[in-house]
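For the protein sequence lines, the chains are L and W, in the order given. Heads up, the first sequence is in our numbering, so the first residue is 1 and it goes up one at a time. Heads up, the second sequence is in our numbering, so the first residue is 1001 and it goes up one at a time. Glycine included, C-beta positions come from ideal geometry on N, C-alpha and C. Here the structure is a predicted model, which means the values were calculated and not measured. A short worksheet on the structure shown next.
Protein chains: 2
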Amino acid sequence: MKFKVWAPEKRAMTLVLVPGGGLRERRLPMTRDDHGYWEAEADDVGGGARYFFAPDDGTEVVPDPASNYQPEGVYGPSEVVDHGAFSWNDGDWRGLPFEELIFYEVHIGAFTAAGTFAAVIDRLDDFVELGVNALELMPVAQWSGDRNWGYDGVFLYAVQNTYGGPQGLKRLVDACHRRGIAVFLDVVYNHIGREGNCLERYGPYFTDKYQTPWGKAMNFDGAWSDGVRDFVTDNVLYWAEQYHLDGLRLDAVHEIYDRNAVTIWDRLYEAVKNWERRAGRRLWLVAESDGNDPRVVRPPGTGGRGFDGLWLDDFHHALYVFLDPKGWRYYRDFGTIDQLAKAFSEGFVHSGEFVKFRHRVHGASSAGISGDHFVVFNQNHDLPGNRPGGERLSVLTDVASLRLAAAALLLSPYVPMLFMGEEYGEETPFYFFSDYREPETTARLIEGRKQQFAVFEFEGEARDPQDAAVFEQSKLRWERRQERRHAMLLDWHRRLIRLRREHPLLRDLSKVRLRADVVGGHGLMIYRYSADRLLHLVCVFNFSADTSLPVDIGYAGVQQGEWRLVLTSDEQTPDQGDKALRLPPRSVAVYELRASFADDGP
Amino acid sequence: MKFKVWAPEKRAMTLVLVPGGGLRERRLPMTRDDHGYWEAEADDVGGGARYFFAPDDGTEVVPDPASNYQPEGVYGPSEVVDHGAFSWNDGDWRGLPFEELIFYEVHIGAFTAAGTFAAVIDRLDDFVELGVNALELMPVAQWSGDRNWGYDGVFLYAVQNTYGGPQGLKRLVDACHRRGIAVFLDVVYNHIGREGNCLERYGPYFTDKYQTPWGKAMNFDGAWSDGVRDFVTDNVLYWAEQYHLDGLRLDAVHEIYDRNAVTIWDRLYEAVKNWERRAGRRLWLVAESDGNDPRVVRPPGTGGRGFDGLWLDDFHHALYVFLDPKGWRYYRDFGTIDQLAKAFSEGFVHSGEFVKFRHRVHGASSAGISGDHFVVFNQNHDLPGNRPGGERLSVLTDVASLRLAAAALLLSPYVPMLFMGEEYGEETPFYFFSDYREPETTARLIEGRKQQFAVFEFEGEARDPQDAAVFEQSKLRWERRQERRHAMLLDWHRRLIRLRREHPLLRDLSKVRLRADVVGGHGLMIYRYSADRLLHLVCVFNFSADTSLPVDIGYAGVQQGEWRLVLTSDEQTPDQGDKALRLPPRSVAVYELRASFADDGP
């Protein structure tokens, strides 16, 4: 088989086949092409063979920067993976429209006791029962050590050995697809982890020109950057092609810098569109970006980057301040109900306003961008994980607020995402954890987190992320779902998800007609209507902890029709078509109106 | 009058009025507004008053970062300029369309013996006679010392004291406008000079996030960047408003970084368009950019930056290799006549190809962008100035090639620019010169230039830029224009400029229909035609030094009509309408055809 590695400035390159499987060590010289790729053909070598490369004089052996598998971790040899050997059973799978997705974010290690891909398969029926249809896996690219969040991966093409490697991931994806569940993967292209990072042994993957919070930026526009661009672009297609993934979530794209006339985003968009035409299915790309920049999801022809979706942090912040009494301390630029209404109706809350936290104006308006371009959440890995105490929303607020939060999320005009355990109010912390082997990596990590906590003035001591107990304590306690409080929350989520998936005014995101109005100073009325204005849905939220909300759901001007209470979080809520009602504190109610004739509407 | 200074993170600010004009020193406390601007009102103070600001505890006095005048240089006090006091005589001036401009780049200090704005006024009749209609002034923003190219200015609002200050510049612009000459100014927003730079004494003008070749980048997107953006945006409008400038050339915009949703380019575009509506005239913005990025001149709605014009370096490089036998050493990615044809027909020569000099693919296609968006030149300040010997084109090639070069430039479908003295083949060097006062600035400069020269492997020792003689020797020797060789070249330029300004197929750039074909392996035929295809212009260039070019100017398929030799650089050129002709070596000829009926054309 053919071995290939990019190292444009090296004088020589040797393929070193590691002894094993009856073969002894072999060293093969490699030859360079015009673009800096070195190649060697090795006979009698296939899946399972282990190897290194030896740059320049060949005295030191280094793993393959594009290794598909590191069976012994980041310092060991790379292993050839025969992707063709896997028997896929998902031939019928055609994917799901992005607007119909309900994401569920999973950390493979902390999701089950075993912490493997295989152990997730046993839980898939629970996902189906819950109603979520898209798993979002935190990064699985090989990192140093046994446990890690995954954002410091160093082999972008290798699937973490302690999770079950390439075979494990394929089996999980296959099993998901057979149950109608899409699988997304979190990938990191803004930096590469420090420990076990061998990329610089091969080529100029990094640049001093731009500084990221995690060190040197990836070199997407400097000398020899074509190879780095290929490395990333090919990686995106690799996950789709070899692992049948439905989409990727690109971590912190605002820390990816490229000033070239044709940027990495232009290249990636073109490559993905070409792949989709070839493969006959979609590959969804979702961005995490700190910029409140609508261009992330606009098409390239209008100066956009063409992402299918974007994590909408502002939705979380605008809502969170109404859930946690201390919320204003972390999000001091949020706090008004008008901002929450804006989050529902426009997307970005900060769309050009001065933001105190940033000491500058921030963002541009996303009004007019259809809701299926935004992913919303009340929690994700970062929100508990970046607190010293790892607290989930479930321990920061009361049950009524948790029900409100779930309703706001699942009745939103955006693609919702739950964080593992959120559906039943899991209370165990989700800490930041790691398993580095080099003292300098750990020292840098601790210092970085200290600075981060200082910004937000969190209370409490942070746990030691290197402590194995911190990882163990972050694991879900799934068995508690039977307890009353948890079972109630789980049921509430199931009902909301069912309503969302079944009701046409909630399901068809790209066609949503929506208006969000502040009512009574502490309430929000989200009003939806069909194109023919015969079907109306009114979601009323009361965010006050102690006051009932007087509200006239008939404000829209619809005079005649049949009102129906579709869903409520509180038994006190009037269940009949009384247009003037009093909504109990911390509650939500959803009413449907079938009008007897089309009305002007709001 | 009101004094104002931006210093968002300072605890206090004092206005210090310097004694003079019968007034004694006064210190006035300033008050801060919400955006970090400090203000103080001082009675009995007007134009000519000198002042400092004293940040924080007031022990140190610092000039105004937005000083309009530094009469004693960068270390002295700032002076109030009463802009309203100047009597303008250009009330009739309405500006010129960008496509009709013929630029002439001037270094005020080296253009005349006196080296002042006033001395340029005496030469304006020569400009009129030559036919150029737009002066492009190298930077005049106050720098440290008496002489400098100007790219290390430190007071972006102050006009260099040794040139004649604000009054001097206004008189020059006024005099130009009265003669129908537009005035453009070179401005630098990618960095601020080191010596005398007081900006950091006031606020976060710079960022560590991005590295430029000249040090820290300007802070256009970090904390408090709104003030930095205002500083630059207001500066652009200031030159138009207070100095009646017609346009600005922005230096090296590829070293300006801004990842915000609304970038400095979006802000600037909007500010300029608003100003234009208010003022009733245009303010042209021209970019220097290394990126071969068509977005620089595309409108913001399509992801562009909306510049009116862009310096087209590729045109120079593609042509230069045919003029200087050693040209290939500096431009090893150029050298084919097809590239020159592409420069004429599309603009960017590198539009996605791998470029050896950059070790990566470079640029995107500019095909389809109308020619009035590009500024072309055979020389500019950088080309001689960044060679150790300061050689102008006139001493690097022969007279025939100079004539060819001038014709290629002035018959191009782009807005042409001459560098001062080019029109008569000035042979004195144009060195890099400076007059720094601090040893560290000089040491950095020398080191930087050494590295730069190493890249291009120039021969010869560089002169000491600090040596006053180097500046003196860079001054034009205008008197030599009478000598035969110079007078001939001057006449050639005049004829070309006249033809360009008068011939409809050369004048109306935005309507140019053009085709550029390689002929005979070392010749170029630039074919233009009118919309009705009745008028045709054929410019034929023979770049060979020793071979006549056999060429059929009738190739376009036009069978009947009246051929006329419009212009030639060589008396051997057949002057009649013989469609098959032999063009002498190193020569150019322009033929016009008035067809007797419309033809399909090429």
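{"query": "Below-8 Å beta-carbon distance, L/Gln211 vs any chain W residue", "result": "yes"}
{"query": "Identified DSSP bridge partners for L/His83", "result": "None; L/His83 has no bridge partner."}
{"query": "According to DSSP, residues forming a beta bridge with W/His1536", "result": "W/Tyr1529, W/Leu1593"}
{"query": "Closer than 7 Å: L/Thr112 CB and nearest the ligand FMN heavy atom", "result": "The ligand FMN is absent from the structure shown, which contains no ligands of any kind."}
{"query": "Cutoff 7 Å; reference W/Val1622; Cβ partners in own chain excluding five residues on either side", "result": "The first residue shown for chain W is 1001 and the last is 1602, placing residue 1622 of chain W beyond what the model contains."}
{"query": "Option in W/Ser1434, W/Leu1567, W/His1503 with minimal Cα separation from W/Gly1193", "result": "W/Ser1434"}
{"query": "Closest residue to L/Glu479 among L/Phe111, L/Gly22, L/Tyr157 (Cα-Cα distance)", "result": "L/Phe111"}
{"query": "Rounded Cβ spacing between L/Val262 and W/Gly1352 (contact assumed at less than 8 Å)", "result": "7 Å"}
{"query": "Per-residue burial, W/Trp1088 [other beta carbons within 10 Å of its own, 16 or more giving buried]", "result": "exposed"}
{"query": "Cβ pair L/Glu105, L/Val415 closer than 8 Å", "result": "no"}
{"query": "Integer Cβ distance of L/Leu23 from L/Ala42, believed to fall under 8 Å", "result": "About 10 Å; that fails the 8 Å criterion."}
{"query": "Chain-order list of residues whose beta-carbon lies under 6 Å from that of W/Phe1354 (same chain, five-residue window excluded)", "result": "Val1361"}
{"query": "Anticipated Cβ contact below 8 Å, W/Phe1458 with W/Arg1387, distance rounded", "result": "6 Å"}
{"query": "Residue burial classification, L/Pro384 (beta-carbon count within 10 angstroms, cutoff 16)", "result": "buried"}
{"query": "Nearest-angstrom beta carbon gap, L/Leu410 and L/Arg500 [assumed within contact, 8 Å]", "result": "5 Å"}
{"query": "W/Glu1136 vs W/Arg1249 beta-carbon contact at 8 Å", "result": "yes"}
{"query": "Amino acids of chain L, ordered along the chain, whose beta-carbon sits closer than 7 Å to that of W/Ala1223", "result": "Arg358, His359, Arg360"}
{"query": "Residues that W/Thr1233 contacts on chain L, provided the C-beta gap is smaller than 9 Å", "result": "Per Cβ cutoff of 9 Å: no residues; W/Thr1233 is ~13 Å from chain L at best."}
{"query": "Check whether L/Leu476 and L/Met420 have beta carbons under 8 Å apart", "result": "yes"}
{"query": "Validate contact between the stretch 1287-1298 of chain W and the stretch 1224-1233 of chain W using beta carbons, cut 8 Å, 3 pairs", "result": "no"}
{"query": "Rounded distance between the beta-carbons of W/Leu1496 and W/Thr1397, thought under 8 Å", "result": "Actually they do not touch by this definition, with Cβ atoms about 17 Å apart."}
{"query": "DSSP bridge partner residues for L/Ser587 (one or two, in chain order)", "result": "L/Asn542"}
{"query": "C-beta contact flag for W/Glu1626 and W/His1536 at 8 Å", "result": "No information on residue 1626 of chain W is available, as it lies outside the stretch 1001 to 1602 that chain W covers here."}
{"query": "Contacts around L/Arg437, its chain only, beta-carbon distance under 8 Å, and the 5 residues preceding and following it disregarded", "result": "Ser144, Gly145, Glu195"}
{"query": "Where W/Met1218 sits in the DSSP three-state scheme", "result": "strand"}
{"query": "Closer than 8 Å to chain W by CB, L/Val455", "result": "no"}
{"query": "Contact with chain L by W/Ala1261, beta-carbon distance below 8 Å", "result": "yes"}
{"query": "Nearest-angstrom Cβ-Cβ length linking L/Leu312 and L/Val399, presumed shorter than 8 Å", "result": "With a Cβ gap of about 25 Å, L/Leu312 and L/Val399 do not count as contacting."}
{"query": "L/Ala406 in three-state terms, based on DSSP", "result": "helix"}
{"query": "Where L/Pro29 sits in the DSSP three-state scheme", "result": "strand"}
{"query": "Inter-residue spacing [alpha-carbon to alpha-carbon] between L/Ala279 and W/His1317", "result": "43 Å"}
{"query": "Whether L/Arg582 touches L/Leu549 by CB criterion (8 Å)", "result": "yes"}
{"query": "Anticipated Cβ contact below 8 Å, L/Ser345 with L/Leu514, distance rounded", "result": "6 Å"}
{"query": "Short-range partners of chain W found in the stretch 314-348 of chain L, where Cβ spacing is below 7 Å", "result": "none"}
{"query": "The stretch 1284-1299 of chain W: positions lying closer than 8 Å to chain L by Cβ", "result": "Gly1291, Asn1292, Asp1293, Pro1294, Arg1295"}
{"query": "8 Å Cβ cutoff met for L/Pro55 and L/Tyr205", "result": "no"}
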